[in-house]
Each structure stands twice: as structure tokens, then as C-alpha cells.
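Taking the working numbering, I'd label the letters of the sequence shown as residues 17 to 244. Yeah, the Cβ is synthetic: ideal placement off N, Cα and C, and Gly gets one too. Computed from a predicted structure; not experimentally measured.
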Amino acid sequence: TGLIKANFPARIAFAVSSQTDSRVILDIPGAERLLGRGDMLFMAPDASKLERIQGAMVTDEEIGRLVNYWRRIRTLEGAPLQSLDLSEAALAIARRNAERHGVRARIEFLASDLFSALEALPQPPKADFIVANPPYISEAELPTLPREVRDYEPRLALIAGPEAASVQRRLFAEGPKFLKPGGYLICEMGYGQYPSLCEALDPTVWEVIEVKRDLQGIERTLVLRRRA
Numbered sequence: 017t018g019l020i021k022a023n024f025p026a027r028i029a030f031a032v033s034s035q036t037d038s039r040v041i042l043d044i045p046g047a048e049r050l051l052g053r054g055d056m057l058f059m060a061p062d063a064s065k066l067e068r069i070q071g072a073m074v075t076d077e078e079i080g081r082l083v084n085y086w087r088r089i090r091t092l093e094g095a096p097l098q099s100l101d102l103s104e105a106a107l108a109i110a111r112r113n114a115e116r117h118g119v120r121a122r123i124e125f126l127a128s129d130l131f132s133a134l135e136a137l138p139q140p141p142k143a144d145f146i147v148a149n150p151p152y153i154s155e156a157e158l159p160t161l162p163r164e165v166r167d168y169e170p171r172l173a174l175i176a177g178p179e180a181a182s183v184q185r186r187l188f189a190e191g192p193k194f195l196k197p198g199g200y201l202i203c204e205m206g207y208g209q210y211p212s213l214c215e216a217l218d219p220t221v222w223e224v225i226e227v228k229r230d231l232q233g234i235e236r237t238l239v240l241r242r243r244a
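Right, dumping it as C-alpha cells:
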């Protein structure tokens with residue numbers, strides 16, 4: 017027991033191939049690194065050459081951790097979710113994905129400039145988690161981006177404005193109004209932005225819990241907790 021073999025990259029590629037949308041940022045190199053290269057050689061009976069496929073060796077301990085994770089996730093099944101985005105096109109894609117995965121009834125989709133839609137509610141909600149993937153590239157950086165990014169990816173999802181970290185700074189300032197004491201704010205950040213973002217944090221409001229690096233070792237995700 018404990019041995020599971022599956023061609024996961026092929027299955028994932030098959031699952032997403034029909035859902036590709038030109039409005040969505042596609043980080044192909046990142047996807048390749050995430051899925052990895054196959055680590056087994058296999059020759060089908062009617063094949064003329066070996067094929068590299070994915071094989072995963074999972075220990076009993078790792079399986080136990082995975083099962084416990086799924087159990088914890090099930091306790092969140094009734095939690096209400098709100099999805100906010102400035103882009104109507106992004107919201108349309110998010111709705112479609114929610115319907116595809118059978119969770120559309122749990123999610124309220126709102127067109128919003130950060131928390132503006134929540135501000136307009138009679139009783140703005142208080143969340144346990146706020147997860148944000150804001151734009152973090154400045155207008156001055158745009159010409160330096162690779163052509164496939166600069167010319168084809170959604171500008172609204174990339175460019176924060178004259179100052180690259182302006183959206184994160186707004187999150188830090190406005191987020192506490194919509195986050196419970198002890199709640200978490202998790203947001204993405206750009207290359208080299210962590211030191212300046214730390215300076216922008218009010219230490220009486222925010223506690224830095226963790227900084228997660230991406231597959232290239234770059235500080236990419238900031239995990240904060242609102243102080244009680």
C-alpha cells in the first residue's frame with residue numbers, strides 16, 4: 017500500500033484544455049514547473065519508443081496528511097464566499113468555473129474596486145480570510161516585460177498604476193474593516209516588493225505570519241493576520 021501511479025499532467029491538461037480562455041493569464045512555464053516532468057519510462061505494446069510519464073510514490077504518512085486535509089476542507093463547505101473583481105470579464109469566467117465545479121450557489125460575485133461593493137452594503141461582512149491576487153506591475157515596468165506578457169495578457173490584471181504596490185497598500189489600509197480580529201489576509205506581491213510592503217504595514221494592526229516563495233525562489237505571497 018502507499019503506492020499510487022497516475023499520469024497526472026495528462027489528466028490535468030485534458031481537464032483544462034476545453035476551458036482555455038484568452039482573457040486568462042496563462043503562465044505556461046510555471047505550469048510546466050508545477051506539474052513537473054514525468055519520472056517513469058513506459059513503452060506501450062504498440063509503441064515504437066519509450067514515453068516519459070508521471071509516477072508518484074506516496075507514503076502512508078503522506079496519505080494520512082492528505083486525508084486529514086480533505087476532512088478539514090469539508091468543514092468549510094457551508095462557509096459563504098464572496099468573489100470581488102474590477103473586471104466583468106474575470107467575473108464571468110469565475111462564475112463559469114464555479115458552475116462547472118458545483119459551487120455556484122455558495123459564491124456571491126460582485127463587481128468591485130477592492131472593497132467598494134462591500135462598502136455599499138447596509139451591513140458590510142467580516143471575513144475570516146481575504147485572499148487577493150492584485151496587479152503588482154507599474155506602468156514604467158510595462159516595456160520591460162516579455163512580449164508574450166506585454167502584448168497579450170489582460171492589462172487590468174497586470175498594471176497597478178504608476179506605483180507597482182499601490183493596490184497592496186490599499187489592501188492593508190482598507191482590509192481591516194472587512195476582516196475579523198485574528199483573520200488572515202493573503203496576497204500576492206511582485207519581485208523585490210516585500211521590504212517596502214513591510215514598511216507600509218501598521219504593526220498595531222497587522223502581524224506578518226509567513227512569506228511564501230514561488231518556484232523560482234522569489235518572495236511571492238505575503239500571509240498576514242489581523243491583530244485582535
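Which residues DSSP lists as bridging residue 98, in chain order: 124
Whether residue 248 touches residue 220 by CB criterion (8 Å): This structure leaves residue 248 out entirely; the chain is present only between 17 and 244.
Spatial neighbours of residue 230 in its chain, beta-carbon cut-off 7 Å, leaving aside the 5 residues before and after: Take residue 230, set aside five residues on each side of it, and the residues of its chain with a beta-carbon closer than 7 Å to its own are 236, in chain order.
The alpha helix (DSSP H) enclosing residue 147, as first and last residue numbers: Counting along the chain, residue 147 falls outside any alpha helix (DSSP H), though it belongs to the beta strand (DSSP E) covering 143-148.
Residue 97 to residue 115 span [Cα, whole Å]: 14 Å
Neighbour-count burial assignment, residue 137, 16 or more Cβ in a 10 Å radius: exposed
Cross-strand partners of residue 245 (DSSP beta bridge): The chain is shown only over 17 to 244; residue 245 falls outside these bounds and no answer can be derived.
Cβ distance (whole Å) where residue 203 is taken to contact residue 217 below 8 Å: Contact flag wrong, Cβ pair sits at about 12 Å.
Residue 195 (DSSP reduced to helix, strand or coil): strand
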